[in-house]
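Student: Heads up: the sequence shown runs through residues 1220 to 1452, numbered per the working numbering. Heads up, the beta-carbon is just placed ideally off N, CA and C, and yes, glycines get one too.
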Amino acid sequence: MSRGLRENHSTEERLALVRRRVNAAAERAGRDPATVNLVAVSKTKTADDIRPVLHAGQRLFGENRMQEAAEKWPLLRRSHADISLHLIGPLQTNKAAAAVALFDAIETLDREKLARLLAVEMARQNKRIACFIQVNTGAEPQKAGVAPGAADSFIALCRGELDLPIVGLMCIPPVNADPRPHFDLLAGIARRNDLAGLSMGMSNDFEVAIRQGATHVRVGAAIFGERAAPAGG
Ligand SMILES: *Cc1c(COP(=O)(O)O)cnc(C)c1O
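Next comes the structure, spelled out in structure tokens:
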């Protein structure tokens, strides 16, 4: 099967192909395709790049930078009230309030100070948004995420004392590594903590992730085309 990444394909064609591949991967895994959510990662793309994807029916998007998301999405939301926007990049504590206001989910909760601030902000804004806890499955020093060995206690703190709406876990495996052990590790932590959500898998490995239980795959380049410059994550 063609991987559909040729530059002469339109964004609509690439989106349709990714959707077909998501559905096929779910069916091969004996899963209901409706249990796999496609997060279209629109970082570095303009509102004009995003509109065709909206018109094709996609409503779930991921952005990795607060500032960029704040510039693009309020206007796009005016024409499509049912958009759901996930933060998939690192969140600084001084942006916690803005993140709660702008996003529908935060996939990168990874430390206590941030968890406490998010709890305060959700109460203050009377807006509870879904959180995924990011796990640094490769224990990479430069990468965000709670260490695998600290995940259980961090999950317990977030759900217990802080009463945050924790819906699942998220990981970004090391580049150029086989992602399967990382997806397995994440799925195991989720299972023993009774967490249903698993955000894992990107353009190069989303089918593998679906086979290993992903409920959210974050796909950028395979939908929007390659990004010009390194996009910081
Ligand atoms: C950029 C990014 C993606 C999408 O990566 P592609 O290879 O373009 O599909 C997924 N997750 C995170 C956290 C990202 O920063």
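#1: Taking G1368 as the reference, give the member of D1301, L1404, A1259 and T1263 with the closest Cα.
#2: Kindly indicate which residue of E1282, E1246 and A1243 has the alpha-carbon position closest to the one of K1262.
#3: Can you tell me whether R1437 is buried or exposed? The criterion is at least 16 other CB atoms within 10 Å of its CB, across all chains shown.
#4: Using only CA atoms, which one of D1413, D1424, L1383 and L1310 lies nearest to F1402?
#5: Taking a cut-off of 5 Å, which residues have a beta-carbon closer than that to any heavy atom of ligand 1, in chain order?
#6: Cβ of T1327 within 9 Å of Cβ of F1351?
#7: What does the Cβ neighbour count give for A1428, buried or exposed, with the cut at 16 atoms within 10 Å?
#8: How long is the line joining the alpha carbons of R1250 and R1430, rounded to whole angstroms?
#9: If distances are taken between C-alpha atoms only, which option among I1269, M1341 and F1373 comes closest to I1442?
#10: Tell me which same chain residues have a C-beta within less than 6 Å of the C-beta of G1452, skipping the five on either side of it?
#11: I think H1299 touches R1330, with their Cβ atoms under 8 Å apart; what is that distance to the nearest whole Å?
#12: Using CA atoms only, rank isn't needed, just tell me which of T1434, P1392 and V1394 is closest to A1244.
#13: Short check: CB of Q1353 to CB of C1390, under 9 Å?
#14: Using the rule of at least 16 other Cβ atoms within 10 Å of the residue's Cβ for burial, across every protein chain shown, is L1234 buried or exposed?
#15: Taking only runs that begin and end inside the segment 1369-1426, name each unbroken alpha helix (DSSP H) of 4 or more residues, in chain order.
#16: With a CB to CB cut of under 6 Å and the five nearest residues on each side skipped, what residues in its chain are close to N1412?
#17: L1294 to L1321, Cα distance in whole Å?
#18: I need the straight-line Cα distance from A1257 to R1238, nearest angstrom please.
#19: How many Å lie between W1292 and A1266 at the Cα?
#20: Which first and last residues belong to the beta strand (DSSP E) in which S1303 is found?
#21: Is DSSP giving T1327 helix, strand or coil here?
#22: DSSP three-state label for N1345, please.
#23: Please tell me whether, using a cut-off of 8 Å, the distance from the CB of A1396 to the nearest non-hydrogen atom of ligand 2 is below it.
Tutor: The relevant details are as follows:
#1: Per the Cα distances, L1404.
#2: A check of alpha carbon separations from K1262 across E1282, E1246 and A1243 identifies E1282 as the nearest.
#3: Counting the other Cβ atoms within 10 Å of the Cβ of R1437 gives 16 or more, which makes it buried.
#4: Nearest C-alpha to F1402: D1424.
#5: Those residues whose C-beta sits under 5 Å from the nearest heavy atom of ligand 1 are, from N- to C-terminal order along the chain, V1260, N1283, I1307, M1421, S1422, R1437, V1438, G1439, A1440 and G1452.
#6: Against a cut-off of 9 Å, the Cβ pair of F1351 and T1327 comes out as a contact.
#7: A1428 should be labelled buried.
#8: In this structure, the straight-line span from the alpha carbon of R1250 to that of R1430 is close to 9 Å.
#9: I1269 is the residue among I1269, M1341 and F1373 whose C-alpha sits nearest the C-alpha of I1442.
#10: Caution is warranted here: a pLDDT of 46 is assigned to G1452, below 50, making its placement in the model unreliable, and the coordinate value is therefore given only provisionally. Around G1452, the same chain offers N1283 and G1308 as residues with beta carbons nearer than 6 Å, after the five sequence neighbours per side are excluded.
#11: Going by Cβ atoms, the distance from H1299 to R1330 rounds to 33 Å, so no, they are not a contact pair.
#12: Of T1434, P1392 and V1394, the smallest CA-CA separation from A1244 is found for T1434.
#13: C1390 sits close to Q1353, with the two beta carbons spaced by under 9 Å.
#14: With 16 or more neighbouring CB atoms inside 10 Å of its own CB, L1234 falls in the buried class.
#15: 1370-1378 and 1399-1411, all fully within the segment 1369-1426.
#16: For N1412, where only same-chain residues beyond five positions count, the Cβ hits under 6 Å are I1374.
#17: Between the alpha carbons of L1294 and L1321 lies a distance of about 12 Å.
#18: Inspection of the sequence shows that residue 1257 is occupied by Leu rather than by Ala. Whole-angstrom Cα-Cα distance: 8 Å.
#19: Their backbone Cα atoms lie some 8 Å apart in a straight line.
#20: Following the DSSP letters along the chain, one finds S1303 inside the beta strand (DSSP E) bounded by residues S1303 to L1306.
#21: Strand.
#22: Residue state, collapsed to three classes: coil.
#23: As for ligand 2, it is missing from this structure, which binds only ligand 1.
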